[in-house]
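Here is the structure we will look at.
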Amino acid sequence: MTMSNMLRLTNQIVIDKAKQLGFDLVGFAQADSLEDETEKLRQWLDKGFQASMGYMEKNPHKRKDVKEILPNAKSIISLALNYYIPDNYTNEKDKGKVSRYAWGKDYHLVIWQKLDELETMLKEIDSEFESISYVDTGPVMDKAWAVRAGIGWMGKHTNVINPEIGSWFFIATLITNYEFDYSALIADHCGTCKACIDACPTHAIVQEYVVDANKCISFQTIENKNEIPIELKGKFDNWIFGCDICQDVCPWNQKFSIATSIREFYPNNKELTYDEVMKLDNESFKERFVESPVKRTKLKGLQRNARFLFE
Ligand code: SF4
Ligand code: SF4
Numbered sequence: 001m002t003m004s005n006m007l008r009l010t011n012q013i014v015i016d017k018a019k020q021l022g023f024d025l026v027g028f029a030q031a032d033s034l035e036d037e038t039e040k041l042r043q044w045l046d047k048g049f050q051a052s053m054g055y056m057e058k059n060p061h062k063r064k065d066v067k068e069i070l071p072n073a074k075s076i077i078s079l080a081l082n083y084y085i086p087d088n089y090t091n092e093k094d095k096g097k098v099s100r101y102a103w104g105k106d107y108h109l110v111i112w113q114k115l116d117e118l119e120t121m122l123k124e125i126d127s128e129f130e131s132i133s134y135v136d137t138g139p140v141m142d143k144a145w146a147v148r149a150g151i152g153w154m155g156k157h158t159n160v161i162n163p164e165i166g167s168w169f170f171i172a173t174l175i176t177n178y179e180f181d182y183s184a185l186i187a188d189h190c191g192t193c194k195a196c197i198d199a200c201p202t203h204a205i206v207q208e209y210v211v212d213a214n215k216c217i218s219f220q221t222i223e224n225k226n227e228i229p230i231e232l233k234g235k236f237d238n239w240i241f242g243c244d245i246c247q248d249v250c251p252w253n254q255k256f257s258i259a260t261s262i263r264e265f266y267p268n269n270k271e272l273t274y275d276e277v278m279k280l281d282n283e284s285f286k287e288r289f290v291e292s293p294v295k296r297t298k299l300k301g302l303q304r305n306a307r308f309l310f311e
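Following this line, the structure appears as structure tokens:
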């Protein structure tokens with residue numbers, strides 16, 4: 001047996017290593033089956049609230065039970081990376097707003113690198129440590145795991161809120177064969193507030209904790225590959241890529257947001273004018289957005305959004 005095999009990882013070691021890499025929050029959950037969460041997902045899908053995001057229907061068994069992904073899974077490590085930058089929009093009439101999460105470098109690129117480093121470090125400490133990690137891709141219910149791992153509670157706008165930093169964070173999920181001490185849940189602190197529901201310009205939060213993607217500006221400007229329904233015309237409040245209104249109005253963000261330490265998230269693409277978007281061709285679009293989440297719409301989608309807002 002090597003020395004490394006003799007060391008056991010602890011919660012504190014994982015927390016220290018994750019924080020050293022810049023993660024803001026770390027939580028641990030037992031790798032149980034997500035019965036309630038997947039039942040809610042099924043009801044949401046049955047209502048067609050996923051719109052054209054067909055991938056949400058795929059691999060339900062993996063979403064429910066992470067042992068379908070890692071057969072000897074014992075725990076989930078949920079990690080949050082704050083992306084809040086204390087800056088705002090000019091709100092000039094001819095400028096389309098980009099959602100905060102997409103102002104800088106694509107978070108997948110930033111987080112994948114950090115996860116690689118984290119998993120390597122943990123494996124160096126104990127070679128028995130096995131893990132599979134996800135960032136917002138694959139059949140893993142990252143928000144549900146974040147809640148179970150005590151990162152925060154699910155707000156009525158369906159984003160996870162932490163009482164110390166609000167909700168401007170990305171979530172990464174590590175499925176592991178390792179046992180840890182499990183984190184306490186954080187109680188729902190939405191209370192009687194319904195600021196997000198009242199502020200949503202398209203009434204996409206159809207009931208508390210339920211968002212209908214068909215009506216959501218974020219879905220329509222990023223995920224929808226077709227034309228945007230005409231009945232939503234005039235309701236987008238100049239959002240050209242994504243929408244942050246429900247998080248902007250949340251009192252937990254207004255009181256507790258703190259600036260990210262990740263330089264790569266600082267803005268390159270905060271606002272885009274109609275003219276600059278319409279002037280792009282495939283090559284200049286690729287060049288400008290190669291490392292930005294905005295590339296997801298492709299040129300066609302971004303120009304469709306510009307036309308929808310400004311023509
Ligand atoms: S992202 Fe915008 S459109 Fe979607 S639910 Fe929130 S406020 Fe409504
Ligand atoms: S705005 Fe209010 S109701 Fe909505 S998520 Fe925040 S605290 Fe909850």
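Here the sequence shown stands for residues 1 to 311, where the numbers follow the working numbering.
Virtual Cβ for every residue (Gly too), placed ideally from N, Cα, C.
Note that this is a predicted model, so its numbers are computed, not measured.
Asked: GLU227 versus THR221 - alpha carbon distance; Found: 10 Å
Asked: Coil, strand or helix - MET1 by DSSP; Found: The predicted position of MET1 is uncertain, since its pLDDT is 44 and thus under 50; no value can be drawn from it.
Asked: LEU280 and ILE240 closer than 8 Å at C-beta; Found: no
Asked: DSSP state of THR297 mapped onto helix, strand, coil; Found: helix
Asked: Beta-carbon gap between ASP198 and ARG100 smaller than 8 Å; Found: no
Asked: Inter-residue spacing [alpha-carbon to alpha-carbon] between ILE13 and GLY301; Found: 44 Å
Asked: TYR89 versus PHE236 - alpha carbon distance; Found: 15 Å
Asked: Residue(s) in a DSSP beta bridge with PHE169; Found: ASN82
Asked: Span separating the alpha-carbon of TRP168 from that of THR158; Found: 13 Å
Asked: N- and C-terminal bounds of the alpha helix (DSSP H) containing VAL98; Found: No alpha helix (DSSP H) holds VAL98; the beta strand (DSSP E) holding it covers 95-98.
Asked: Helix, strand or coil at GLU227 according to DSSP, with G and I counted as helix; Found: coil
Asked: Contact under 8 Å by Cβ, PHE265 with TRP112; Found: no
Asked: Heavy atoms of ligand 4 versus C-beta positions, residues under 5 Å; Found: Among the ligands present in this structure, namely ligand 1 and ligand 2, ligand 4 is not found.
Asked: Alpha-carbon to alpha-carbon, GLN207 and GLN314; Found: Any question about residue 314 goes unanswered here, given that the chain covers just 1 to 311.
Asked: Close beta carbons around CYS190, own chain, < 7 Å, minus the five adjacent residues each side; Found: GLY155, LYS156
Asked: Below-8 Å beta-carbon distance, CYS190 vs any chain D residue; Found: The structure shown contains no chain D; it holds only a single protein chain.
Asked: Own chain partners of VAL290 with C-beta closer than 8 Å, once the 5 adjacent residues on each side are dropped; Found: none
Asked: 8 Å Cβ cutoff met for ASP126 and THR173; Found: no
Asked: Cα-Cα separation, CYS200 to PHE308; Found: 18 Å
Asked: Short Cβ contact (8 Å threshold) for GLU179 with SER33; Found: no
Asked: CA-to-CA distance, GLU128 to THR2, given in whole angstroms; Found: For THR2, the pLDDT reaches just 49, beneath the cut-off of 50, and the residue's location in the model is therefore unreliable, although a value from the coordinates is still provided. Between THR2 and GLU128, the C-alpha separation is close to 11 Å.
Asked: Short Cβ contact (8 Å threshold) for PHE23 with LEU79; Found: yes
Asked: Closest Cα partner of GLN303 within the set ASP275, SER292, THR120, ARG288; Found: ASP275
Asked: Proximity winner among GLU223, ASP212, PHE285, ILE217, relative to LEU335 (alpha-carbon distances); Found: Here the chain comprises residues numbered 1 to 311, so residue 335 is not present and cannot be evaluated.
Asked: Own chain residues within Cβ distance below 6 Å of LYS313, not counting five before or after; Found: Residue 313 cannot be examined here, being either before or after the span of the chain that is shown, 1 to 311.
Asked: 6 Å CB neighbourhood of SER4 in its chain, flanking five on each side removed; Found: At SER4, the pLDDT of 47 sits below 50, so the modelled position is not reliable; the number obtained from the coordinates is stated separately. Here the set comprises SER127.
Asked: Residues bridged to GLN247 [DSSP beta-bridge criterion]; Found: DSSP, once it has assigned bridges, lists no residue as partnering GLN247.
Asked: GLY234 versus TYR134 - alpha carbon distance; Found: 36 Å
Asked: Assigned exposure category for GLY242 - 16 Cβ within 10 Å defines buried; Found: buried
Asked: Those runs of the alpha helix (DSSP H) which lie wholly inside the segment 101-144 and span at least 4 residues; Found: 107-125
Asked: Whether VAL153 touches ILE186 by CB criterion (8 Å); Found: This sequence places Trp at residue 153; Val is not what is there. Contact flag set, yes.
Asked: C-alpha gap between ASN268 and ASP36, whole angstroms; Found: 40 Å
Asked: Best match in ILE161, GLU57, GLU119, ILE132 for proximity to ALA144 [C-alpha to C-alpha]; Found: ILE161
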